[in-house]
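Undergrad: Each residue of the sequence shown is one higher than the last, beginning at 53 in our numbering.
I'd like to ask some things about the structure below.
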Amino acid sequence: MWRHWMRELSRHNRLVRYDERCNGLSQRQVVDISFETMVSDLERVVEATGLDRFTLLGLSQSCAVSIAYAIRHPEKVSGMILYGGYVKGWRARGDAGEIATREAVATLMRESWGKPNPMFRQAFCSMFIPGATHEHFAWMDDLMLRTVSPDDAWRLQSAFSVIDVSDLLEKVKVPTLVLH
């Protein structure tokens with residue numbers, strides 16, 4: 053999904069990426085998946101790279117993590133690119149209809165994610181790639197099965213649902229490109 057971006061961004065720049073907790077190559081079944089811990093993880097990644105100043109790219113839920121990091125470390129962040137993100141998770145937004153729908157999706161996620169029938173994962177994929185082709189479904193289905201366990205997928209969705217960085221927005225002092 054992001055390969056073409058990563059290839060182009062790294063063509064003339066140093067690109068550092070990492071998998072968030074419970075995803076991809078990161079450790080699974082980690083106890084603490086709180087927002088604060090996710091921000092701390094980014095702090096440790098930056099520290100390990102030795103970067104002095106850089107542009108921060110945030111995708112989806114990592115946009116909120118990027119915003120919090122930029123506020124805490126303005127001396128490090130020269131700018132941000134935020135794509136497909138949100139400042140309030142679905143529970144934090146407080147819309148009863150959305151909460152009911154998302155809770156139903158979360159239940160399906162927990163019960164269906166690792167099962168052989170890809171129906172739920174295809175529906176989930178449609179939320180991210182409207183108009184997805186058969187190839188998109190097959191690719192996303194394989195990606196979801198290989199990169200996150202059913203329990204971790206549910207736990208991460210629950211953690212992301214309560215994110216709220218709306219009070220931090222006025223504190224952002226770096227040039228920021230927001231794409232939706």
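Beta carbons: idealized from backbone N, C-alpha and C, even for Gly.
As the structure is a prediction and not an experimental result, all values here were calculated from the model.
Out of A148, W57, G166, point me to the one whose CA is closest to A205's CA.
TA: The shortest Cα separation from A205 among A148, W57, G166 belongs to G166.
Undergrad: Between the C-alpha atoms of R101 and A148, what's the straight-line distance to the nearest angstrom?
TA: First, the residue type needs correcting, since residue 101 is Thr and not Arg in the sequence shown. Taking the straight line joining both Cα atoms gives about 42 Å.
Undergrad: Need the endpoints of the alpha helix (DSSP H) that V117 sits in, please.
TA: Segment 114-124, the alpha helix (DSSP H) holding V117.
Undergrad: Quick test of your reading: A144 and I215, contact by CB under 8 Å. State the CB separation rounded to the nearest angstrom.
TA: With a Cβ gap of about 6 Å, A144 and I215 count as contacting.
Undergrad: Alpha helix (DSSP H) containing I151: first to last residue?
TA: Unbroken alpha helix (DSSP H) run through I151: 148-164.
Undergrad: I think A122 touches L108, with their Cβ atoms under 8 Å apart; what is that distance to the nearest whole Å?
TA: Indeed they touch by this definition, with Cβ atoms about 6 Å apart.
Undergrad: Distance, Cα to Cα, E60 vs F176?
TA: Taking the straight line joining both Cα atoms gives about 27 Å.
Undergrad: For L229, which of helix, strand or coil comes out of DSSP?
TA: Here L229 sits in strand by DSSP.
Undergrad: So S130 is in the beta strand (DSSP E); what residue range does that whole segment cover?
TA: Where S130 is concerned, the enclosing beta strand (DSSP E) stretches over 129-135.
Undergrad: DSSP on L67, reduced to helix/strand/coil?
TA: Correct three-state label for L67: coil.
Undergrad: Short of 8 Å in beta carbon distance, which residues of its chain neighbour V91, apart from the five on each side in sequence? Order them along the chain.
TA: Answer for V91: V117, A120, Y121, R124, listed in chain order.
Undergrad: Out of V217, L195, S210, state which residue places its alpha-carbon closest to the alpha-carbon of R55.
TA: Ranking the options by Cα distance to R55, first place goes to L195.
Undergrad: Which stretch, first to last residue, makes up the alpha helix (DSSP H) that contains L208?
TA: First-last of the alpha helix (DSSP H) with L208: 202-213.
Undergrad: Taking DSSP as the reference, what is the three-state secondary structure of T107?
TA: The answer is strand: DSSP assigns T107 an E or B state.
Undergrad: When the Cα atoms are used, what is the spatial distance from V230 to Q81?
TA: Straight-line Cα distance between these residues: approximately 32 Å.
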